[in-house]
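Chemist:
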Amino acid sequence: MLPPTQRQTVEIENAPAKPRRFVFVLLPEFTMLCFAAAVESLRIANRMANRPLYSWLITGEADAAAGPEAPIVVNCSAGVSFKLDCPLPELTRDDTVMICGGIDIQRATTKRLLNWLRREARRGITLGGLCTAGFTLAKAGLLEGKKATIHWENQDSFAEEFDEVNLTKSVFVIDGNRMTTAGGTSSIDLMLKVIANDHGEELAGAVADQLIYSSIRTDQDTQRLSVPTRIGVRHPKLSQVIQKMEANIEEPISPSVLASEVGMSTRQLERLFRRYLNRSPKRYYMELRLQKARNLLMQTDMSVINVALACGFASPSHFSKCYRAHYETTPYRERGAHATRLSV
Numbered sequence: 128m129l130p131p132t133q134r135q136t137v138e139i140e141n142a143p144a145k146p147r148r149f150v151f152v153l154l155p156e157f158t159m160l161c162f163a164a165a166v167e168s169l170r171i172a173n174r175m176a177n178r179p180l181y182s183w184l185i186t187g188e189a190d191a192a193a194g195p196e197a198p199i200v201v202n203c204s205a206g207v208s209f210k211l212d213c214p215l216p217e218l219t220r221d222d223t224v225m226i227c228g229g230i231d232i233q234r235a236t237t238k239r240l241l242n243w244l245r246r247e248a249r250r251g252i253t254l255g256g257l258c259t260a261g262f263t264l265a266k267a268g269l270l271e272g273k274k275a276t277i278h279w280e281n282q283d284s285f286a287e288e289f290d291e292v293n294l295t296k297s298v299f300v301i302d303g304n305r306m307t308t309a310g311g312t313s314s315i316d317l318m319l320k321v322i323a324n325d326h327g328e329e330l331a332g333a334v335a336d337q338l339i340y341s342s343i344r345t346d347q348d349t350q351r352l353s354v355p356t357r358i359g360v361r362h363p364k365l366s367q368v369i370q371k372m373e374a375n376i377e378e379p380i381s382p383s384v385l386a387s388e389v390g391m392s393t394r395q396l397e398r399l400f401r402r403y404l405n406r407s408p409k410r411y412y413m414e415l416r417l418q419k420a421r422n423l424l425m426q427t428d429m430s431v432i433n434v435a436l437a438c439g440f441a442s443p444s445h446f447s448k449c450y451r452a453h454y455e456t457t458p459y460r461e462r463g464a465h466a467t468r469l470s471v
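First residue of the sequence shown: 128, per our numbering; consecutive thereafter.
(1) Are residue 317 and residue 255 touching if we call contact CB-CB under 9 Å?
(2) How long is the line joining the alpha carbons of residue 198 and residue 235, rounded to whole angstroms?
(3) Quick check on the burial criterion: 16 or more other C-beta atoms within 10 angstroms. Buried or exposed for residue 129?
(4) For the region 237-245 against the region 162-169, do three or more pairs of beta-carbon atoms, one drawn from each stretch, fall closer than 8 Å, so that the two count as touching?
(5) Which complete alpha helix (DSSP H) runs does the region 368-402 hold, if anything under 4 residues is left out?
(6) What number of angstroms, rounded off, separates the C-alpha of residue 435 from the C-alpha of residue 277?
(7) Confirm, please, whether the CB-CB distance from residue 305 to residue 253 is below 9 Å.
(8) Out of 404, 372, 415, state which residue places its alpha-carbon closest to the alpha-carbon of residue 389.
(9) In terms of DSSP beta bridges, what is residue 159 paired with?
(10) Short of 8 Å in beta carbon distance, which residues of its chain neighbour residue 156, apart from the five on each side in sequence? Order them along the chain.
(11) If you run the structure through DSSP and keep just helix, strand and coil, what is residue 284?
(12) Could you check where the beta strand (DSSP E) with residue 184 kicks off and where it finishes?
(13) Which whole-angstrom value describes the C-beta separation of residue 411 and residue 404, a residue pair presumed to lie in contact below a C-beta threshold of 8 Å?
(14) Near residue 213, which residues of its chain fall below 6 Å by C-beta distance, leaving aside the five closest residues on each side in sequence?
(15) Would you call the CB atoms of residue 425 and residue 453 closer than 9 Å?
(16) Helix, strand or coil: how does DSSP classify residue 218 here?
(17) Residue 239 and residue 188 look like a contact to me (Cβ under 8 Å); what is the Cβ gap, rounded to whole Å?
(18) May I ask which residues mark the beginning and end of the alpha helix (DSSP H) holding residue 315?
(19) Take residue 406 and list the residues in its own chain whose beta-carbon comes closer than 7 Å to its own, dropping the five residues that flank it on each side.
(20) Helix, strand or coil: how does DSSP classify residue 341 here?
(21) Is it buried or exposed for residue 432, if we count other Cβ within 10 angstroms and need 16 for buried?
(22) If residue 347 sits next to residue 297, beta carbons under 8 Å apart, how far is it from one beta carbon to the other, in whole angstroms?
(23) Can you tell me whether residue 281 is buried or exposed, with buried defined as 16 or more other CB within 10 angstroms of its CB?
(24) Determine the direct distance from the alpha carbon of residue 329 to that of residue 323, and round the result to whole angstroms.
Printed below as a string of structure tokens:
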């Protein structure tokens, strides 16, 4: 490590009189990577500027059963315990709140947390949700009419529950004083954008270099790999068909129509799927629909009937039959087993 006199620094013009404070709210089972990536970006910005541009406070809900002197501890999804600085505090308008979500965000989003968020939002402060915490902001009614994003695994359930939010598949979104990320390393991309907006591209670039982060993404980049990369096949017409399938889950398109739309015969489409994916188009489409159904069963309180309809099944009995054939359990048992696992 180079001493300060030899280390590259970035000159900051019009530096603020006091650091911009970020208040990180750690929810139970939060994703450590999202939190660490965000706070490390701020730390390195301070180091590269050789002055405290940013400060941070780590907070969360206190255990009501613990005494007032007991330390407040939150476990991340990897099982690591974090000691918090204080319980949910009263903030100032200049603070920036970042909710750090992760596994089982529905249970982590408590009434007490929602009330705190709504109260603080009335001050006009900037609020952000990392990973799955976009759900928490939406549940508090703080993303109405806003663009937002959330981890791709939670997109289906989010879209079903919050139709007033303009959900995107972007890596991160900044819409006014609301910020959301898709999870993983997208916290870095968001923070680099924040740093660039606050103090210029040069500092953001210096932070990225320190992080060995050579491919900075913007809010125009999508969070998932392209279809060819995901399935390991680079066939343009096959990719087009799969994209159409993924975009039409609730009202499935027949193989003959899909084939016609990409300029193929139904038989050619069948051969293409057999050759590259070892299954028929109909089977592949069914697996996509069942995967969405499983996400909705795990992540929402939607009835099994409504889940079936949202995934293109005409009747609950047909849905249950297909679900059991694929997952070797019924939708009702799947949901019950999931609830039991969460309660342990």
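Think of the CB as a built atom: it goes at the ideal place given N, C-alpha and C, for glycine as much as any other residue.
Here the structure is a predicted model, which means the values were calculated and not measured.
Modeler: This is what the structure holds:
(1) Here residue 317 refers to the residue found at position 190 of the sequence shown. Here residue 255 refers to the residue found at position 128 of the sequence shown. Cβ distance < 9 Å, so residue 317 and residue 255 count as in contact.
(2) In the sequence shown, the residue the question calls residue 198 occupies position 71. In the sequence shown, the residue the question calls residue 235 occupies position 108. Distance between the alpha carbons of residue 198 and residue 235 is about 19 Å.
(3) As a working note, residue 129 is residue 2 in the sequence shown. At residue 129 the pLDDT is 49, less than 50, meaning the model places this residue with poor confidence and gives no usable figure here.
(4) no
(5) 382-388
(6) In the sequence shown, the residue the question calls residue 435 occupies position 308. In the sequence shown, the residue the question calls residue 277 occupies position 150. Between residue 435 and residue 277, the C-alpha separation is close to 23 Å.
(7) As a first step, residue 253 must be located in the sequence shown, where it is residue number 126. As a first step, residue 305 must be located in the sequence shown, where it is residue number 178. Their beta carbons are under 9 Å apart, which means residue 253 touches residue 305 by this criterion.
(8) By 1-based counting over the sequence shown, the position of residue 389 is 262. Considering only alpha carbons, the answer is 372.
(9) Numbered from its first residue, the sequence shown carries residue 159 at position 32. Bridge partners of residue 159: none, in fact.
(10) Counting from one through the sequence shown, the residue named residue 156 turns up at place 29. 202, 203, 204, 229, 230, 231, 235, listed in sequence order.
(11) Within the sequence shown, numbered from 1, the residue matching residue 284 stands at position 157. Three-state result, residue 284: helix.
(12) Within the sequence shown, numbered from 1, the residue matching residue 184 stands at position 57. Per DSSP, residue 184 belongs to the beta strand (DSSP E) from 181-187.
(13) Position 284 of the sequence shown, counted from the first residue, corresponds to residue 411. Position 277 of the sequence shown, counted from the first residue, corresponds to residue 404. Rounded, the Cβ-Cβ distance is 6 Å, consistent with contact.
(14) Along the sequence shown, read from residue 1 onward, the residue named residue 213 stands at position 86. Cβ neighbours of residue 213 beyond the five flanking positions: 186.
(15) Start at 1 with the first residue of the sequence shown, and residue 425 comes out as number 298. Start at 1 with the first residue of the sequence shown, and residue 453 comes out as number 326. Against a cut-off of 9 Å, the Cβ pair of residue 453 and residue 425 comes out as no contact.
(16) Translated into the one-based positions of the sequence shown, residue 218 becomes position 91. Coil.
(17) Position 112 of the sequence shown, counting from 1, holds the residue named residue 239. Position 61 of the sequence shown, counting from 1, holds the residue named residue 188. With 8 Å as the limit, residue 239 and residue 188 qualify as a contact, their Cβ atoms being about 6 Å apart.
(18) Walking along the sequence shown from the start, residue 315 turns up at place 188. Taken as a continuous stretch (DSSP letters only), the alpha helix (DSSP H) holding residue 315 covers 313-326.
(19) Taking the sequence shown and counting its residues from 1, one reaches residue 406 at position 279. Closer than 7 Å at Cβ, skipping near neighbours: 400.
(20) Against the sequence shown, residue 341 aligns to sequence position 214. It is coil, neither helix nor strand.
(21) In the sequence shown, counting from the first residue as 1, residue 432 sits at position 305. Exposed, because fewer than 16 other Cβ atoms sit within 10 Å of the Cβ of residue 432.
(22) Along the sequence shown, read from residue 1 onward, the residue named residue 347 stands at position 220. Along the sequence shown, read from residue 1 onward, the residue named residue 297 stands at position 170. At roughly 7 Å, the Cβ-Cβ gap stays under 8 Å, so residue 347 and residue 297 are in contact.
(23) The residue labelled residue 281 in the question sits at position 154 within the sequence shown. Per the 10 Å Cβ criterion, buried.
(24) For this step, residue 323 is matched to residue 196 along the sequence shown. For this step, residue 329 is matched to residue 202 along the sequence shown. Roughly 8 Å separates the two Cα atoms.
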